[in-house]
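Read top to bottom, the protein sequences are chains A and B.
104 is the number that my numbering gives to position 104 of the first sequence; each next residue is one higher, with no gaps.
523 is the number that my numbering gives to position 222 of the second sequence; each next residue is one higher, with no gaps.
Backbone N, C-alpha and C define an ideal beta-carbon position, used for all residues, glycine too.
Please read the structure below before turning to the comments.
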Amino acid sequence: MDLTVAPNPFFWNAAFVRDFYAQLAGAPVARVVLGELVCSKRLPFWQDEIPQAIETLQAAGKEVAVTSLALITLKRERKLTADLLGLGLPVEVNDLSALHHIPAGTPFWVGPLVNIYNDSTLRWLVRRGARRICLPPELPIDSVALLADIAQAEGIALEVWGHGRLPLAISGRCYHARLHERAKDSCQFICDADPDGRDVDTLDGQRFLSVNGVQTLSQAYACMADHVGRLREIGVSALRLQPQSVGFAALCADYARLPEGRMSPDALVGNLRAAHPDMQLCDGYGRGGAGASWRGRALYR
Amino acid sequence: MELVCPAGTPAALRAAVDSGAHSVYCGFADATNARNFPGLNFSRAELAEGVGYAHAQGAKVLVAINTFPTAGDEGLWHCAVADAACAGADAVILADLGLLAHAAEHHPDLRRHLSVQAAAANPDAINFYAEAFGVRRVVLPRVLSVEEIAAINREIAVETEVFVFGGLCVMAEGRCSLSSYATGRSPNMNGVCSPPEFVDYANEGGQNVARLGGFVIHRTPNGASAPYPTLCKGCFTSADKTGHVFEDAVSLDASTLVPRLAKAGVTALKIEGRQRSRAYVGQIVRAFRAVTDALEAGREPPALALARLSEGQSATTGAYAKTWR
């Protein structure tokens, strides 16, 4: 079992992106998916960093893929999607309409924002050319086990969400803009103020969600450390870690020690708590319960 | 334009047909459809009877089988498609890739509509579903403006259906796990959103507090009307702001946009509300039928007085107006 780095869902400036991927080149991850996932309006601010990041990561021996947007509606977004193949890298489909631009027979990857809940859908995508699939975080491990059997029989790689705020929803509406009493078209790129999303709490102060432009994430960070043993057993071939603005390389190093038993889940969780005292953790989806629960307990009563 | 009306129960189906629905949509009483609530939906016998009733009055029946089949349990969904075909349904409304492929292969003559739960939001997505699975109609996600809908219709060969009234998802449908994050049960996996068995009401300090899976969704003063705690319509705090971060307690009313939607090339107008009473359904269907009839006759459509029927008493035209975003 190895590690895949998810596309960064947040709006980071070009210099920050440059440093992030330069550092990641030294991290023990097997592959990196990059590109703009959440909002096409952000891309002009950092797209010039993409070729350099690809080169750096490939030079460090990482496999690199480029993601589609999560929700493609505008004409220029369709064009952007059509152009992805031109980069010569595998395209990770995170909106099914990207398939329209991938000729039959061209291999592609599928990201966690595509709804794969069952055998038929998995098989259909494999027949269409999917070679690496990250399942939706919502899936319980019992379902993952069934799909992992098929993935192994079909000879494709299967990933599950391993770490990071869960991508819970995508919308036509920008919540960052709304919180600033602006519309999406006049957002003034305000989501750049929150490098890990803007937290949304309940009226009782319970920590709940985090908004990231048109995306809604969990406020708690998913951490599948406890489940790695079972995931490995059932044939899941990679854990997916989502970039965060602080301490990401260290966290990759810890997750890399889990599958071979060179670090215990408790030690990993301990390190996370020490490095990020405010980080709330969750792993409920794996257990088939509320996504927000952690180690079998609800976050709030 | 075709008016597609909700039927959560056989009584609502008859009310919709009697009130002038061109089509009704309904589902089976299990996890195969996205309104899997207690007391709603149809048995196999009820569906066959409902189809007979509708067909006798020239109306069509569309069966929603629009959740995502569970791994290892796909038989339930395959059965639902076969039974809908058997009952004489005019179309099935599907979202899952695998189920679309199954229906296209095993029931090629059964008309396939793409559910809003598939969130096909651009011509490439729609053309993909049309080419791959012979989908004949697409229910458009509620993330598009009228202008965008017109542009989509210029690039596709299949029909489009859009929501014009009722509950409003603010997220792209079929791509939202907020409900399961708080409760473990979601529209995609279980056909439910913010399910009632996870709702808890408490009276605290003169306020009615509504929780979902332990998370506070609303606090309303005692005596004030408290909306159902649907997660995305909740009141939350973010830094210095407290309010409806995602959407106010509003529902969709696009009745005034019907002429523009017609011009945009839309084939069918959909009314949300399979969980609503037959009296509600009858009233809304009559009102919208007056609009489509006027449009057909080239008359100015009547203004509708539907405000008090809207959830939370106020209405929005949602994403149809670009400023909503």
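Hey, would you say residue i sits closer than 7 Å to residue j, going by beta carbons?
i, j, result
"E159(A)", "R240(A)", "yes"
"F16(A)", "C191(A)", "no"
"G213(A)", "H163(A)", "no"
"A22(A)", "T56(A)", "yes"
"L168(A)", "S487(B)", "no"
"N367(B)", "V493(B)", "no"
"L513(B)", "S526(B)", "no"
"L166(A)", "P137(A)", "yes"
"G353(B)", "R575(B)", "no"
"S143(A)", "D196(A)", "no"
"Q215(A)", "I170(A)", "yes"
"P107(A)", "R128(A)", "no"
"A225(A)", "P265(A)", "yes"
"E406(B)", "T568(B)", "no"
"A298(A)", "G535(B)", "no"
"A220(A)", "C134(A)", "no"
"S97(A)", "A426(B)", "yes"
"V110(A)", "L125(A)", "yes"
"S416(B)", "A390(B)", "no"
Below 8 Å on the Cβ atoms is my guess for residue i versus residue j; work out the distance and round it to an integer in Å.
i, j, result
"F466(B)", "A555(B)", "7 Å"
"L532(B)", "A483(B)", "6 Å"
"A420(B)", "P442(B)", "4 Å"
"P307(B)", "A316(B)", "So it is not a contact: roughly 10 Å between Cβ atoms."
"L348(B)", "A388(B)", "5 Å"
"P243(A)", "A6(A)", "7 Å"
"V546(B)", "V211(A)", "7 Å"
"L553(B)", "T624(B)", "15 Å between Cβ atoms; not a contact."
"I72(A)", "A588(B)", "Not confirmed; about 35 Å, so no contact."
"H403(B)", "K361(B)", "That belief does not hold up - the Cβ atoms of H403(B) and K361(B) are roughly 22 Å apart, past 8 Å."
Helix or strand or just coil, what does DSSP make of residue i?
i, result
"E505(B)", "strand"
"R207(A)", "strand"
"C134(A)", "strand"
"E92(A)", "strand"
"K62(A)", "coil"
"H414(B)", "strand"
"T216(A)", "strand"
"D541(B)", "coil"
"V393(B)", "strand"
"W161(A)", "strand"
"W12(A)", "coil"
"D119(A)", "helix"
"T484(B)", "helix"
"L596(B)", "helix"
"F20(A)", "helix"
"E460(B)", "strand"
"Y222(A)", "The sequence shown places Ala at residue 222(A), rather than the Tyr named in the question. The answer is strand: DSSP assigns A222(A) an E or B state."
"A312(B)", "helix"
"A616(B)", "strand"
"F45(A)", "helix"
"T106(A)", "coil"
"L281(A)", "strand"
"T67(A)", "strand"
Which one or two residues does DSSP pair with residue i in a beta bridge?
i, result
"P307(B)", "Y326(B)"
"P522(B)", "Q508(B)"
"M472(B)", "S171(A)"
"L85(A)", "DSSP output for L85(A) lists no bridge partner at all."
"I572(B)", "F466(B)"
"W294(A)", "R297(A)"
"A25(A)", "According to DSSP, which records beta bridges pairwise, A25(A) is partnered with nothing at all."
"F343(B)", "F329(B)"
"A238(A)", "D2(A), E159(A)"
"P199(A)", "For the record, residue 199(A) in the displayed sequence is Asp; it is not Pro. DSSP, once it has assigned bridges, lists S210(A) as partnering D199(A)."
"V364(B)", "C327(B), V393(B)"
"L289(B)", "An answer regarding residue 289(B) cannot be provided, because it is not within the stretch 302 to 626 covered by chain B."
"S578(B)", "For S578(B), which the question treats as bridged, DSSP gives no partner whatsoever."
So that I know if they touch, is there some Cβ in chain D lying closer than 7 Å to that of residue i?
i, result
"T121(A)", "The structure shown contains no chain D; its protein chains are A and B."
**Q.** Short-range partners of chain A found in the region 440-458 of chain B, where Cβ spacing is below 7 Å
**A.** V444, L445, E449
Q.
Any C-beta of chain A within less than 7 Å: which residues of the region 370-384 of chain B qualify?
A. P370, T371, A372, G373, E375
**Q.** Chain-ordered residues of the region 563-574 of chain B with a beta carbon less than 9 Å from chain A
**A.** none
Q. Which of the residues in the region 509-522 of chain B, read from start to end, lie with their CB under 9 Å from any CB of chain A?
A. V510, R512, G514, G515, F516, V517, I518, H519, R520
Q: Return the residues of the region 477-488 of chain B that lie within a Cβ-Cβ distance of less than 8 Å from chain A, sorted by chain order.
A: C477, S478, L479, S481, Y482, A483, T484, G485, S487
Q. Taking any Cβ of chain B, which residues in the region 154-172 of chain A have a Cβ under 9 Å from it, in chain order?
A. L166, P167, L168, A169, I170, S171, G172
Q | Contact list for the region 527-539 of chain B against chain A, Cβ threshold 7 Å | A | C536, F537, T538, S539
Q | Members of the region 198-211 of chain A near chain B, C-beta cut-off 8 Å | A | R198, D199, V200, D201, T202, L203, D204, G205, Q206, F208, L209, V211
Q) Looking at chain B, which residues of the region 220-246 of chain A have a Cβ within less than 8 Å of any of its Cβ atoms? A) none
**Q.** Proximal residues, the region 412-436 of chain B versus chain A, C-beta separation under 9 Å
**A.** Hits within the stretch, in order: Q418, A419, A420, A421, A422, N423, P424, D425, A426, I427, N428, F429, Y430, E432, A433.
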